[in-house]
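J.: Numbering (our numbering), first residue to last: 420 to 808.
Positions of the beta carbon are idealized from the N, C-alpha and C atoms, including for glycine.
Note that the coordinates shown come from a computational prediction; the quantities given were computed from them, not determined experimentally.
Would you mind keeping the following structure in view while I ask a few things?
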């Protein structure tokens, strides 16, 4: 309570100093939560692409690309080290890409369920209903990601329209914090029909839906080198571009690491500015309390006690500012995510680690900011301090 009373002596100055810390922590929480979301997306992508090779038409990326003949699958299957080849269709849920999206936009993904023969290691769990099965081929059924289901308020058994075609919802996935949350998964035949129908009429008129896909997922045999398979695929099929998990980490992971560093850096700079205000406040506090400090020293207070009092006071400023900043940051990230759910866009992931580290950092920064003034106060000569006016 005494520390609180000491802060209350200089209400306006304490308020402004705490506000500086609060703003810095708020920025650190908000930008840190955004970095967490990006990390979750990248981690999910990295897990998905590990141990496989994805193939698309040149110019495409991560299952989104131009049409490819499904007959290419047997050609890839003949290559050394290839175990299983899964034809896939990937396309945007809507041609309207004007809305802001964190990560992969809403997608329609199609493949024959179970065609990976148990090779897929990326786990997705069912929240409601069931997964797709090979028996669903020829049916218009859909398995929805959690964000899409929440955005459109859909439950199992409802009808769901994909590009003008009505599908029945048979399952909803649990949140994965990555791309599947924003995906509508359908049987391969249905996705082929949707894809061909989305192409310009002059192109679609020359294609047969059952013969067209947008890519392939290639699973290597045990011990086979994914990089070597990638090279063989690109040599055998000049029109194709292949990507391994290593490529994904290099292309996406490195770029997002830089972005995350920038986001967190912005928050840290804001917080350090608040820390400087703590130094200024505590230095002025020591100057104003010079006579009081002299009296304490004269009646036997040790230098360690003087330092401790001032450091604890500045640490309290950090704690109060940290908790207020965390609270405001929590409100901003929660409201931001609630607003984003209308468009299936979740921007923030405020973790317990981010929350605890933010408050801890504010506390430590406050204590460090008060150390220099505390050291100066403890070195004051008691006689000189008593004469201070």
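Nearest to residue 557 by alpha carbon, out of 486, 529, 514, 536?
T.: Within the chain shown, the letter at position 138 stands for residue 557. Residue 557 has its Cα closest to that of 529, out of 486, 529, 514, 536.
J.: List the residues that DSSP assigns as beta-bridge partners of residue 638.
T.: By 1-based counting over the chain shown, the position of residue 638 is 219. DSSP, once it has assigned bridges, lists 503 as partnering residue 638.
J.: With distances taken from CA atoms, which of 765, 524, 477, 637 is nearest residue 492?
T.: Taking the chain shown and counting its residues from 1, the one referred to as residue 492 is at position 73. Checking every option, the nearest Cα to that of residue 492 belongs to 637.
J.: Which of helix, strand or coil does DSSP assign to residue 579?
T.: Stepping through the chain shown from its first residue, residue 579 is reached at position 160. Looking at residue 579 - three-state DSSP - the assignment turns out to be strand.
J.: Under 8 Å, with one C-beta from each stretch per pair, do the segment 539-548 and the segment 611-630 reach the 3-pair mark?
T.: Counting Cβ pairs under 8 Å, fewer than three are found: no touch.
J.: Using the beta-carbon count (16 or more within 10 Å), is residue 727 buried or exposed?
T.: Locating residue 727 in the chain shown gives position 308, where the first residue counts as 1. Exposed, by the Cβ-count rule.
J.: Per DSSP, residue 601 forms a beta bridge with which residues?
T.: Within the chain shown, numbered from 1, the residue matching residue 601 stands at position 182. Residue 601 pairs with nothing; no bridge assigned.
J.: Judging by CA-CA distance, which residue of 501, 571, 634, 651 is the nearest neighbour of residue 759?
T.: Within the chain shown, residue 759 is the residue found at index 340, counting from 1. Here the closest residue by C-alpha is 571.
J.: List in chain order: all unbroken beta strand (DSSP E) runs of 3+ residues lying wholly within the segment 605-679.
T.: Runs found: 634-639, 659-663.
J.: So, using beta-carbon positions, are residue 531 and residue 635 closer together than 9 Å?
T.: On the chain shown, position 112 is the one that residue 531 refers to. On the chain shown, position 216 is the one that residue 635 refers to. No; because the gap between Cβ atoms is not below 9 Å, this pair is not in contact.
J.: Are the Cβ atoms of residue 590 and residue 575 separated by less than 9 Å?
T.: The sequence position of residue 590 within the chain shown is 171, counting from 1. The sequence position of residue 575 within the chain shown is 156, counting from 1. Against a cut-off of 9 Å, the Cβ pair of residue 575 and residue 590 comes out as a contact.
J.: Am I right that residue 750 and residue 786 are in contact with their C-beta atoms under 8 Å? What's the rounded C-beta distance?
T.: Residue 750 sits at position 331 when you count from the first residue of the chain shown. Residue 786 sits at position 367 when you count from the first residue of the chain shown. In fact, because the Cβ distance is near 27 Å, the residues do not count as touching under 8 Å.
J.: Going by C-alpha to C-alpha distance, which of 434, 472, 569 sits closest to residue 661?
T.: Numbered from 1 along the chain shown, position 242 holds the residue referred to as residue 661. Comparing Cα positions, the closest option is 472.
J.: For the candidate residues 788, 663, 475, 737, whose alpha-carbon lies nearest to that of residue 777?
T.: Here the question's residue 777 lines up with position 358 in the chain shown. Looking at the Cα atoms, 737 is the closest of the given residues.
J.: Bridge partners for residue 473 per DSSP, in chain order?
T.: Translated into the one-based positions of the chain shown, residue 473 becomes position 54. Note: residue 473 sits in a beta bridge opposite 636, 662.
J.: Mind checking residue 627: buried by the 16 CB within 10 Å criterion, or exposed?
T.: Position 208 of the chain shown, counted from the start, is the residue given in the question as residue 627. Under this definition residue 627 is an exposed residue.
J.: Pair every Cβ in the segment 452-471 with every Cβ in the segment 652-671, then say whether three or more of these pairs are closer than 8 Å.
T.: Touching, yes, given that three or more Cβ pairs across the two stretches are closer than 8 Å.
J.: Comparing alpha-carbon positions, which option in 476, 441, 583 lies nearest residue 743?
T.: Position 324 of the chain shown, counting from 1, holds the residue named residue 743. Answer by Cα proximity: 441.
J.: Cβ atoms of residue 648 and residue 499: under 9 Å apart, would you say?
T.: For the purposes of this step, residue 499 is taken as residue 80 along the chain shown, with counting starting at 1. For the purposes of this step, residue 648 is taken as residue 229 along the chain shown, with counting starting at 1. Yes, the Cβ-Cβ distance between residue 499 and residue 648 is below 9 Å.
J.: Taking the DSSP output, what are the residues bridged to residue 586?
T.: One-based indexing of the chain shown puts residue 586 at position 167. DSSP output for residue 586 lists 579 as bridge partner(s).
J.: Return the CA-CA distance between residue 623 and residue 630, expressed in angstroms with no decimal places.
T.: Along the chain shown, one-based indexing puts residue 623 at 204. Along the chain shown, one-based indexing puts residue 630 at 211. Residue 623 and residue 630: Cα-Cα distance of roughly 12 Å.
J.: Looking at C-alpha atoms only, which residue of 653, 650, 525 is the closest neighbour of residue 597?
T.: One-based indexing of the chain shown puts residue 597 at position 178. Comparing Cα positions, the closest option is 525.
J.: Once the 5 residues before and after residue 401 are set aside, which same chain residues still bring their CB inside 6 Å of it?
T.: One cannot answer for residue 401 here, as it falls past the ends of the chain, which runs 420 to 808.
J.: By the DSSP assignment, the beta strand (DSSP E) with residue 562 in it spans what residues?
T.: Residue numbering aside, residue 562 sits at position 143 when the chain shown is read from its first letter. Residue 562 -> beta strand (DSSP E) spans 560-563.
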